[in-house]
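So the protein lines, in turn, are chains U and V. Going by the numbering used here, the first residue of the first sequence is number 1, and it counts up by one from there. Going by the numbering used here, the first residue of the second sequence is number 112, and it counts up by one from there. Idealized CB from N, CA, C, for every residue including glycine. Since the structure is predicted, the reported quantities are computational estimates derived from the model, not experimental observations.
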Amino acid sequence: KQEVTQIPAALSVPEGENLVLNCSFTDSAIYNLQWFRQDPGKGLTSLLLIQSSQREQTSGRLNASLDKSSGRSTLYIAASQPGDSATYLCAVETSGSRLTFGEGTQLTVNP
Amino acid sequence: GAVVSQHPSWVICKSGTSVKIECRSLDFQATTMFWYRQFPKQSLMLMATSNEGSKATYEQGVEKDKFLINHASLTLSTLTVTSAHPEDSSFYICSAASLGQNYGYTFGSGTRLTVV
């Protein structure tokens with residue numbers, strides 16, 4: 001059974017700091033890995049999708065890497081802003097089109 | 112980009128009544144839709160997967176007679192919580208995918224259900 005773990009569970013940083021969120025998964029037989037953002041009481045916004053054959057994806061200040069063999073992914077956020085405050089979820093897709101989510105990292109960026 | 116509309120965004124109902132939640136893919140045909148449940152400060156738990164025109168596949172522990180899922184068209188899926196009880200109060204989120212297109216998954220904005 002696939003298990004996804006995210007570290008840290010919560011993170012508070014001052015504005016402008018670069019930060020890294022971590023995601024690990026137990027079964028490396030994945031199709032892709034996706035990072036989402038969730039604001040309180042809202043749905044999920046897709047940030048980055050990395051296919052299993054890819055090593056990283058970039059979008060603006062966000063960079064996500066994937067090391068499938070070791071079961072790890074990182075989300076790097078450069079020059080953090082208060083508007084980045086949210087919960088960040090990673091999810092892996094495995095056979096049967098199943099998405100397994102981590103429990104998320106709650107990020108607070110202080111002005 | 113792909114957009115999924117979910118309604119209502121919140122609903123309060125009395126115990127014993129039924130509530131229907133709609134999930135629509137606005138600009139693409141969703142071959143598969145997924146329904147998740149999320150408790151406060153927890154991650155999403157998959158409840159069921161539905162393919163257009165087929166019966167939904169429910170995850171272990173999810174009562175199919177209580178959580179009725181209909182996916183009658185490529186753009187609409189509904190989740191009906193029947194005979195709701197306070198323990199059904201939760202945040203429900205749908206997701207739609209056009210499998211084989213590598214679009215990833217697009218999520219609705221969620222529905223906060225409170226059963227009183």
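Quick one: is residue 145 of chain V near chain U, going by C-beta distance under 9 Å?
-> Using a Cβ-Cβ cut-off of 9 Å, residue 145 of chain V counts as an interface residue toward chain U, since at least one Cβ of chain U sits closer than that to its own.
Cβ-Cβ distance between residue 15 of chain U and residue 81 of chain U below 9 Å = For residue 15 of chain U and residue 81 of chain U, yes; Cβs fall inside 9 Å.
Could you tell me the distance, in whole angstroms, from the CA atom of residue 110 of chain U to the CA atom of residue 10 of chain U?
-> Distance from the CA of residue 110 of chain U to the CA of residue 10 of chain U, rounded to the nearest whole angstrom, comes to 13 Å.
Can you have a look at residue 207 of chain V and say buried or exposed, based on whether 16 or more other CB atoms are within 10 angstroms of its CB?
-> Result: buried.
Quick one: grab the DSSP three-state call for residue 14 of chain U.
-> Residue 14 of chain U: strand per DSSP, three-state reduction.
Mind checking residue 118 of chain V: buried by the 16 CB within 10 Å criterion, or exposed?
-> By the neighbour-count rule (16 or more Cβ atoms within 10 Å), residue 118 of chain V is not buried but exposed.
Length of the line joining the Cα atoms of residue 46 of chain U and residue 128 of chain V | Cα to Cα, the separation comes out at about 34 Å.
Return the first residue and the last residue of the beta strand (DSSP E) that residue 202 of chain V is part of.
-> Here the beta strand (DSSP E) through residue 202 of chain V covers 201-208.
Quick one: list the residues of chain U neighbouring residue 137 of chain V, beta-carbon separation under 9 Å, in chain order.
-> The contacting residues do not exist; residue 137 of chain V stays about 14 Å from chain U at best.
Rounded C-alpha distance that separates residue 149 of chain V from residue 103 of chain U | Cα to Cα, residue 149 of chain V sits roughly 10 Å from residue 103 of chain U.
Name, please, each residue of chain V whose Cβ falls closer than 8 Å to the Cβ of residue 46 of chain U.
-> Within chain V, the C-beta atoms nearer than 8 Å to that of residue 46 of chain U come from 215, 216, 217, 218, in chain order.
When the distance is taken between beta carbons, is residue 138 of chain V closer than 9 Å to residue 173 of chain V?
-> It is not a contact, given that the beta carbons lie outside the stated cut-off.
Excluding five sequence neighbours on each side, which residues of the same chain lie with their C-beta closer than 8 Å to the C-beta of residue 178 of chain V?
-> Hits under 8 Å: 146, 158, 159, 169, 190, 191, 192, 193.
What does a CB cutoff of less than 6 Å around residue 135 of chain V pick up in its chain, not counting 5 residues either side in sequence?
-> Taken in chain order, the residues that qualify are 116, 186, 187.
Mark residue 41 of chain U as exposed unless 16 or more other C-beta atoms lie within 10 angstroms of its C-beta, in which case mark it buried.
-> Exposed, by the Cβ-count rule.
Can you give the beta carbon distance from residue 100 of chain U to residue 4 of chain U, rounded, assuming they're within the 8 Å contact cut?
-> Confirmed, about 5 Å.
Output the boundary residues of the beta strand (DSSP E) element that contains residue 77 of chain U.
-> 72-77 is the extent of the beta strand (DSSP E) around residue 77 of chain U.
Do we get a CB-CB distance below 9 Å when we pair residue 91 of chain U with the residues of chain V?
-> Residue contact check for residue 91 of chain U against chain V: a CB pair falls below 9 Å.
Would you say residue 43 of chain U reaches chain V, if we count a Cβ-Cβ gap shorter than 9 Å as a contact?
-> So yes, residue 43 of chain U belongs to the interface.
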